[in-house]
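Scroll down for the structure; my scribbles are underneath it.
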Amino acid sequence: MEELRNLHPNAYEYVIDVGLHKWSRVHCPDRRYRVMTTNAAECINSCLKFARQLPMLTLAKFIRNMLQRWFHDCHRVAQSMRHQLTDTTHLMILKRVDKFNFMTVNLVDWNIFSVKRAGKQWTVGLARKTCICNKFQMDLLPCSHALVAARYFIQFYLRLILLKRESYRFQCFYKD
């Protein structure tokens, strides 16, 4: 912000007047899921630009047909999805999984992990869905640190369960 104030004082004043919550995801009180604009009226107005000249009843039919087409198209796309996530979200998760290399994980508490990579360190809380990088909280999707911590969590507890199972198997051969 200080850089903006020094380089473009007018832009800085405008940003402050508008409010940080209007242009910064970090300061926005609502969850917008990586989308900063929510002005549906502008979207509809642009779609109705040429239809405004129509008589009222024809305009109403045009709007109904347009909305039905939108819902049908969205429904068709949703039905063709192979995952529970949208394709865009799925690709985002896959890109984050690619960052697993060279990350080391240490268990701090039963659901708190320390993730390290290239001299940097992040703390991940799986139960509270938090990471100090704030991507987990902002996107409501796990960041690469949370994904690698979750993988470690699953592997750790699977090993623990397998060890328990092994100990149960051999206890039947012992006398009390």
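Residue 102 in UniProt numbering sits at position 102 of the sequence shown, and the numbers go up by one each step.
The beta-carbon is built from N, C-alpha and C at its ideal position, and this holds for glycine as well.
All figures in this text were calculated on a predicted structure; none of them were measured in a lab.
Check	Outcome
Distance between residue 19 and residue 153 (C-alpha atoms, nearest Å)	41 Å
Status (buried if at least 16 other CB within 10 Å, exposed otherwise) for residue 46	exposed
Nearest to residue 117 (by Cα), restricted to the options 7, 148 and 125	148
Validate contact between the region 51–64 and the region 100–111 using beta carbons, cut 8 Å, 3 pairs	no
Whole-angstrom C-beta distance between residue 90 and residue 124, which should lie under 8 Å	Their Cβ separation, rounded to whole angstroms, is 21 Å, which puts residue 124 and residue 90 out of contact at 8 Å.
Close-in-space but distant-in-sequence residues of the same chain around residue 102 (CB under 8 Å, 5 per side omitted)	117 and 118
Helix, strand or coil at residue 70 according to DSSP, with G and I counted as helix	helix
Among 155, 68, 92 and 158, the one whose alpha carbon lies nearest that of residue 135	92
Three-state secondary structure assigned by DSSP to residue 5	helix
Cut-off 8 Å between Cβ atoms - residues of its own chain near residue 181, not counting five sequence neighbours on either side	Residue 181 lies beyond the residue range present for the chain, which begins at 1 and ends at 176; the question has no answer from this structure.
Residue environment, residue 131, which counts as buried when at least 16 other CB atoms sit within 10 Å	buried
Residue 99, DSSP secondary structure in three states	helix
Residue 106: first and last residue of the uninterrupted alpha helix (DSSP H) it sits in	First-last for residue 106: 104–107, but that is the beta strand (DSSP E), not the alpha helix (DSSP H).
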